[in-house]
Amino acid sequence: MSALSLRSDVRRLSRRDCVKVGSLATVGYGLGGLSLIDAWRGRAAAAGTLAAAKAKACILLWLDGGPSHLETFDPKPEAPAEVRGPFRPMRTPISGIEISELLPRTASIVDKLAIVRSMTSPLGEHGLANHYLMTGYQSSPVLQYPSYGSVVSHLGPPATQLPSHIAIPESRAFGAGFLGSEHDPFVTGGDPSKADFQVRDLDFFPGVDESRIRRRREYLAEFDAMQSAIEARAPAADPAFEQAFRMVTSAQAKAAFDLSAEPASIRARYGPKMFGQSCLLARRLVERGVPFVSVLNVGWDTHTGLVLQLRDGFAGAKVGVGLVPTFDQGFSALIEDLDQRGMLEETLVVAMGEFGRTPKINTGGGRDHWPRVFSVVMAGAGIPGGQVIGASDRVGESPRDRPVTPSDLARTIYTLLGIHPDRELLTSDGRPVSVNQGGKVIRELV
Amino acid sequence: MNLASWIGVVVLAAIPHPDALADRAASRPVSVEGTRAGRTGPQQTADFDTEILPVLTRSGCNAGACHGAAAGRGDFNLSLLGADPAADHEAIVHHFEGRRVDFARPERSLILAKPSGDLDHGGDVVLDQDGPGFQRLLDWIRSGAPRGASRKLVRFEITPRRHRSDDLTEPVPLRAEAEFDDGVVADVTRWTVWTPLDSAAVTIDERSVARVHRRGQHVVTARFLDRVVPVEWIVPFSDSDFDFSLEPRADFIDDAILRTLTELRLPASPPASDSVWLRRVTLDLTGRLPLASVADTFASDGSTDKRASMVESLVSSPAFVDYWTLQMARWLRLHSLTNEPEAAVVYGRWLRSQIALDVGLDRVAEQLLTATGDSHVVGPANFGRMVADSRGHAELVGRFFLGARLGCANCHNHPLDRWTQDDYHGLAAVFAKLERGRIVEYGTRGAVTNPRTGEPAVARIPGVRDLGDDGDARAELSKWLTASENRLFARVTVNRLWRAMFGRGLVEPTDDLRETNPATHPELLEQLADDFVQNGYSLRHTLARIALSHTYARSGTVLEGNAGDDRFYSRAFRRPLPPEVLADAISDVTGVPDLYPGHPRGTRSVSIIDPLTPSRSLDLLGRCSRVAVCDEGAANGGALPAQLHLLNGDLINRKLGDESSQLSRLIAAGKTDAEIVEHHYRQALGHSPTSSQLQRWLGLLAPSESDDRRQRLEDFVWSLLNSRPFKENH
Numbered sequence: 063m064s065a066l067s068l069r070s071d072v073r074r075l076s077r078r079d080c081v082k083v084g085s086l087a088t089v090g091y092g093l094g095g096l097s098l099i100d101a102w103r104g105r106a107a108a109a110g111t112l113a114a115a116k117a118k119a120c121i122l123l124w125l126d127g128g129p130s131h132l133e134t135f136d137p138k139p140e141a142p143a144e145v146r147g148p149f150r151p152m153r154t155p156i157s158g159i160e161i162s163e164l165l166p167r168t169a170s171i172v173d174k175l176a177i178v179r180s181m182t183s184p185l186g187e188h189g190l191a192n193h194y195l196m197t198g199y200q201s202s203p204v205l206q207y208p209s210y211g212s213v214v215s216h217l218g219p220p221a222t223q224l225p226s227h228i229a230i231p232e233s234r235a236f237g238a239g240f241l242g243s244e245h246d247p248f249v250t251g252g253d254p255s256k257a258d259f260q261v262r263d264l265d266f267f268p269g270v271d272e273s274r275i276r277r278r279r280e281y282l283a284e285f286d287a288m289q290s291a292i293e294a295r296a297p298a299a300d301p302a303f304e305q306a307f308r309m310v311t312s313a314q315a316k317a318a319f320d321l322s323a324e325p326a327s328i329r330a331r332y333g334p335k336m337f338g339q340s341c342l343l344a345r346r347l348v349e350r351g352v353p354f355v356s357v358l359n360v361g362w363d364t365h366t367g368l369v370l371q372l373r374d375g376f377a378g379a380k381v382g383v384g385l386v387p388t389f390d391q392g393f394s395a396l397i398e399d400l401d402q403r404g405m406l407e408e409t410l411v412v413a414m415g416e417f418g419r420t421p422k423i424n425t426g427g428g429r430d431h432w433p434r435v436f437s438v439v440m441a442g443a444g445i446p447g448g449q450v451i452g453a454s455d456r457v458g459e460s461p462r463d464r465p466v467t468p469s470d471l472a473r474t475i476y477t478l479l480g481i482h483p484d485r486e487l488l489t490s491d492g493r494p495v496s497v498n499q500g501g502k503v504i505r506e507l508v
Numbered sequence: 087m088n089l090a091s092w093i094g095v096v097v098l099a100a101i102p103h104p105d106a107l108a109d110r111a112a113s114r115p116v117s118v119e120g121t122r123a124g125r126t127g128p129q130q131t132a133d134f135d136t137e138i139l140p141v142l143t144r145s146g147c148n149a150g151a152c153h154g155a156a157a158g159r160g161d162f163n164l165s166l167l168g169a170d171p172a173a174d175h176e177a178i179v180h181h182f183e184g185r186r187v188d189f190a191r192p193e194r195s196l197i198l199a200k201p202s203g204d205l206d207h208g209g210d211v212v213l214d215q216d217g218p219g220f221q222r223l224l225d226w227i228r229s230g231a232p233r234g235a236s237r238k239l240v241r242f243e244i245t246p247r248r249h250r251s252d253d254l255t256e257p258v259p260l261r262a263e264a265e266f267d268d269g270v271v272a273d274v275t276r277w278t279v280w281t282p283l284d285s286a287a288v289t290i291d292e293r294s295v296a297r298v299h300r301r302g303q304h305v306v307t308a309r310f311l312d313r314v315v316p317v318e319w320i321v322p323f324s325d326s327d328f329d330f331s332l333e334p335r336a337d338f339i340d341d342a343i344l345r346t347l348t349e350l351r352l353p354a355s356p357p358a359s360d361s362v363w364l365r366r367v368t369l370d371l372t373g374r375l376p377l378a379s380v381a382d383t384f385a386s387d388g389s390t391d392k393r394a395s396m397v398e399s400l401v402s403s404p405a406f407v408d409y410w411t412l413q414m415a416r417w418l419r420l421h422s423l424t425n426e427p428e429a430a431v432v433y434g435r436w437l438r439s440q441i442a443l444d445v446g447l448d449r450v451a452e453q454l455l456t457a458t459g460d461s462h463v464v465g466p467a468n469f470g471r472m473v474a475d476s477r478g479h480a481e482l483v484g485r486f487f488l489g490a491r492l493g494c495a496n497c498h499n500h501p502l503d504r505w506t507q508d509d510y511h512g513l514a515a516v517f518a519k520l521e522r523g524r525i526v527e528y529g530t531r532g533a534v535t536n537p538r539t540g541e542p543a544v545a546r547i548p549g550v551r552d553l554g555d556d557g558d559a560r561a562e563l564s565k566w567l568t569a570s571e572n573r574l575f576a577r578v579t580v581n582r583l584w585r586a587m588f589g590r591g592l593v594e595p596t597d598d599l600r601e602t603n604p605a606t607h608p609e610l611l612e613q614l615a616d617d618f619v620q621n622g623y624s625l626r627h628t629l630a631r632i633a634l635s636h637t638y639a640r641s642g643t644v645l646e647g648n649a650g651d652d653r654f655y656s657r658a659f660r661r662p663l664p665p666e667v668l669a670d671a672i673s674d675v676t677g678v679p680d681l682y683p684g685h686p687r688g689t690r691s692v693s694i695i696d697p698l699t700p701s702r703s704l705d706l707l708g709r710c711s712r713v714a715v716c717d718e719g720a721a722n723g724g725a726l727p728a729q730l731h732l733l734n735g736d737l738i739n740r741k742l743g744d745e746s747s748q749l750s751r752l753i754a755a756g757k758t759d760a761e762i763v764e765h766h767y768r769q770a771l772g773h774s775p776t777s778s779q780l781q782r783w784l785g786l787l788a789p790s791e792s793d794d795r796r797q798r799l800e801d802f803v804w805s806l807l808n809s810r811p812f813k814e815n816h
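Going down the list, the sequences are from chains A and B.
Counting in this note's numbering, the first sequence runs from 63 upward without gaps.
Counting in this note's numbering, the second sequence runs from 87 upward without gaps.
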């Protein structure tokens with residue numbers, strides 16, 4: 063019962079504002095003198111037009127299955143053994159911030175990161191939780207909501223030779239929803255860490271050259287025109303075809319996926335695994351103007367064997383190559399590389415999964431689904447680094463203060479990307495649906 | 087924690103901030119305080135189950151996202167939406183050392199102070215201190231917070247239950263009335279939870295006044311205690327009526343559809359031409375394009391019953407059996423098991439035989455539910471092998487036979503449906519003793535624990551009765567499920583068949599039938615189910631009936647007034663060909679088959695009923711792996727990879743260049759461009775090009791000096807196979 067803070071005279075001011083002001087006073091995250099007045103000003107700014115957003119692109123590292131917050135960004139060294147788990151925290155250059163010892167590289171760049179430790183959601187089933195975290199909306203039987211990348215693809219500048227929404231190497235089920243399949247992510251397939259990696263069907267079929275591809279396009283337009291004659295709302299041309307056409311006829315587009323063009327030192331820095339090389343590919347794509355890239359990293363649904371899955375990777379490993387060390391290398395390389403190229407200020411990087419894991423370790427030595435509190439890490443896009451937002455309680459079971467919902471996170475991400483969260487999207491039958499509904503911006507990040 | 091320290095906490099919790107006291111004194115009329123002070127006797131004490139719980143439900147306290155979560159919230163655990171009043175009373179009055187109610191100072195009770203915002207509350211302020219809910223809770227605590235008589239709700243009614251209006255702006259006050267088993271009838275409007283299925287279409291304000299924002303048909307669910315009632319809203323699409331009295335009607339299907347069109351004021355598109363209808367019905371019933379020769383005969387047939395004859399011949403064809411075996415396999419999630427290819431083969435072969443013999447689906451169901459034996463010999467014994475355990479078995483039974491997503495009821499009673507945890511685990515218990523190895527048999531060991539009781543679950547027909555735990559309860563479950571008076575399975579099945587024919591179910595999604603997700607045409611769904619049962623649960627019968635309706639025969643022409651219709655069948659809806667059907671259609675038009683490892687050359691894609699048979703093309707086109715649920719089909723990887731594959735991959739390109747292709751043969755036979763265009767149009771689209779279309783193509787295909795005629799013709803066929811008229815059923 064730590065949060066018996068009494069209040070009532072400030073009813074017009076939301077509780078969150080109070081908690082924030084309170085926590086700033088008592089914990090002091092080093093944000094400088096953010097006063098109550100500033101909090102009010104911030105709110106007014108969000109209600110009106112957006113300040114010029116710095117981010118031009120977003121890389122989402124999707125840690126599929128729900129990473130354990132306790133073994134990554136929210137260790138609980140003081141908790142009982144069955145909660146604490148097998149690993150210890152490590153200090154970082156920012157005093158007061160400790161993360162798991164499995165993340166040494168990440169620890170060294172914590173000054174560039176903002177860690178939200180008080181994410182909370184009611185949804186503990188993978189499908190429902192994925193949907194909520196990837197769209198900011200809880201799923202509904204009447205409407206399929208679009209995921210972040212699809213909204214960016216829809217509202218951002220028109221796609222060039224490369225699609226605006228790319229998933230490496232695969233995508234989780236949630237795509238464009240009501241925005242239509244042309245905003246679904248383009249899935250690269252394959253394994254970027256393999257020497258023979260290439261995007262499927264990007265090269266011409268033997269015997270079919272570019273002039274024939276152009277002719278096919280011309281012929282196809284004939285059929286489209288015939289279709290428009292009988293169907294009032296038929297689109298002029300199939301957007302998926304047009305995008306495919308632009309890609310296969312562009313040498314630059316094909317080169318974007320060619321990781322062998324990267325110096326060996328850079329490739330090595332991202333690590334030999336699929337996740338690291340996927341992060342590198344994400345950087346190449348963002349560098350070439352793709353506004354949204356997601357990297358899928360599977361396996362975080364660790365119901366059993368935390369040590370094996372999270373640290374070791376295989377039985378008897380001398381150097382851990384499990385989920386967390388692999389993430390540590392790829393993620394830290396990505397942040398440093400973006401930073402050194404001067405791209406970090408313009409690129410929002412988000413690393414998250416659909417929920418956290420149960421505080422108590424189960425009988426199989428793993429942790430089960432736990433959406434009530436979990437962590438999300440963000441960097442770039444002008445986000446002040448070296449900060450922790452919110453906290454979980456003593457055993458990592460519930461938010462201790464400053465609860466942040468996936469809807470709040472969505473509003474923050476859209477705001478950082480310069481997309482007004484109240485902007486209305488139209489469904490196929492003309493219904494307006496705002497980009498985000500009901501979320502509150504995480505003020506410390508914007 | 088010792089006594090002294092927790093008293094300390096209580097005292098701290100109970101002392102309000104001085105400002106809070108001032109605030110309250112200023113905002114409360116003294117007379118109210120006086121009234122409250124005077125009411126000390128036990129008169130009119132609220133009944134906990136039926137008067138207090140609704141306050142909590144209405145305030146959202148016991149919702150799944152708050153204290154109603156399986157694990158509760160902030161150590162305060164309520165049953166989801168008040169399903170377990172005894173436990174909730176215990177949690178409020180006795181748990182947490184009784185601090186949630188404070189008899190000495192009732193208004194300081196945590197159950198009031200937290201939700202009303204006096205004390206910090208993770209769920210924000212949800213209870214207005216000046217509102218009737220706060221008052222009712224306060225009075226109840228003052229009178230000792232009793233459980234009460236535990237009376238039961240016997241009737242819950244909403245007025246209006248259905249509202250039709252021409253006016254979008256007209257506010258409609260809603261009223262909810264409850265009757266209890268002690269004879270009391272009460273207005274419970276303010277304690278009813280209103281939930282629009284589409285919150286952009288209908289909104290309901292604090293005073294339970296509804297406003298409709300969009301034309302069309304909408305549903306709002308009303309919840310009070312354990313009853314959930316749908317309320318229907320209709321605002322016609324246009325202001326003028328349409329007269330359908332002269333519209334042809336084949337049977338009850340057309341009657342029902344036209345009734346709705348009349349009500350919604352949607353104009354009906356004209357009938358489709360013979361060639362459009364033939365292509366549509368052949369694709370829907372057999373998964374194939376009509377042969378050009380069949381189309382010719384059909385076009386020249388002048389008899390009035392030619393469509394009936396055509397449907398009869400389609401549903402009697404081997405292609406029908408192939409295609410519907412695939413559909414059934416998808417619904418049943420048939421897939422091969424690791425190192426046991428025989429199982430899926432035997433299962434598929436059995437399924438095919440049932441469809442070939444037009445065995446009633448009640449008989450099929452019975453075999454699926456009760457079969458035992460060697461699953462490499464007995465096909466239906468594989469039904470329960472497609473899932474991991476008895477809970478998976480129960481969920482598959484739920485989806486396939488009951489059209490219900492029982493999964494929710496694993497951890498708590500289904501919030502929108504009538505299924506309880508006892509139902510879920512009871513159904514799982516029916517299959518608990520089933521051995522799922524190669525030899526499927528009913529064993530003697532195995533139980534499912536009901537997390538509500540902590541005891542082994544009692545086998546149960548969900549929503550109906552317990553079956554006891556002596557012996558094999560599957561037969562009894564099957565008997566109940568297939569009894570002709572039980573329409574559940576029939577309703578679910580005809581809804582799936584309707585979806586297969588129209589691209590949309592009368593209820594969507596097709597595995598989520600419940601009172602709170604009503605059909606667009608509820609009466610029609612019942613009539614189809616009745617008709618299905620009366621005709622021996624025959625797949626062919628119902629499909630033929632739908633195919634012969636005038637509704638099915640409508641064209642896709644978009645009229646001024648029906649462009650926005652996506653569910654009332656005022657016109658035909660365009661829908662993509664299923665992956666397997668598209669792959670076969672490409673093979674048929676090019677004359678070059680796909681190749682599947684382990685299958686003889688010429689095997690059609692629709693015959694590949696095991697979705698784990700490797701095929702990159704089918705995966706890219708959106709084949710469902712069936713490891714998860716695939717009622718609606720599934721898209722893998724989006725439209726762009728599929729498009730790249732069509733452009734640069736081998737699915738079409740290999741076939742175009744093949745020496746044995748249709749195109750190669752036509753060229754070798756010395757056919758002209760006109761003949762080749764004509765031939766491919768008829769094969770792919772089911773009709774000849776118009777003369778202006780033909781002229782256009784002849785102009786485009788006219789050779790220039792430098793280039794290759796064959797390549798031009800290949801590119802023509804490629805574009806035809808990528809055109810919407812080809813890739814869609816319409």
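In this text, a Cβ means the ideal position worked out from N, Cα and C, and glycines have one as well.
(message) List, in chain order, every chain A residue whose beta-carbon is nearer than 8 angstroms to that of residue 779/B.
(response) 288
(request) Below 7 angstroms CB to CB, which residues in the same chain sit around residue 506/B once its five sequence neighbours on both sides are set aside? (result) 495, 499
(request) For the beta strand (DSSP E) containing residue 266/B, list its first residue and its last residue. (result) 261–266
(message) Could you check whether the Cβ of residue 802/B sits closer than 8 angstroms to any Cβ belonging to chain A?
(response) yes
(request) Report the option in 205/A, 428/A, 398/A whose CA atom is closest to the CA atom of residue 366/A. (result) 428/A
(message) Quick check for students: name the residue ranges of the alpha helix (DSSP H) that lie wholly in the region 301–335 of chain A, counting only runs of 4 or more.
(response) 301–310, 313–318, 326–331
(message) Can you look up residue 341/A in the DSSP assignment and give me helix, strand or coil?
(response) helix
(message) Helix, strand or coil, according to DSSP, for residue 815/B in the structure here?
(response) strand
(request) Check whether the region 189–205 of chain A touches the region 253–272 of chain B, counting contact only when three or more Cβ pairs, one atom from each stretch, lie closer than 8 angstroms. (result) no
(request) Report the partner residues of residue 421/A according to the DSSP bridge assignment. (result) None, per the DSSP bridge assignment.
(message) Give me the DSSP bridge partner(s) of residue 431/A.
(response) 419/A
(request) Could you tell me the distance, in whole angstroms, from the CA atom of residue 503/A to the CA atom of residue 171/A? (result) 25 angstroms
(message) Just checking: is the beta-carbon of residue 739/B within a distance shorter than 8 angstroms of some beta-carbon in chain A?
(response) yes
(message) Along the region 415–435 of chain A, where does the CB come closer than 7 angstroms to a CB of chain B? Name the residues.
(response) none
(request) Could you tell me the distance, in whole angstroms, from the CA atom of residue 743/B to the CA atom of residue 691/B? (result) 21 angstroms
(request) Determine the closest residue to residue 491/B out of 416/B, 603/B, 467/B, 326/B, with distance taken between C-alpha atoms. (result) 603/B
(message) Tell me the residue span of the beta strand (DSSP E) that contains residue 318/B.
(response) 313–321
(request) Indicate the three-state DSSP secondary structure (helix, strand or coil) for residue 280/B in the structure shown. (result) strand
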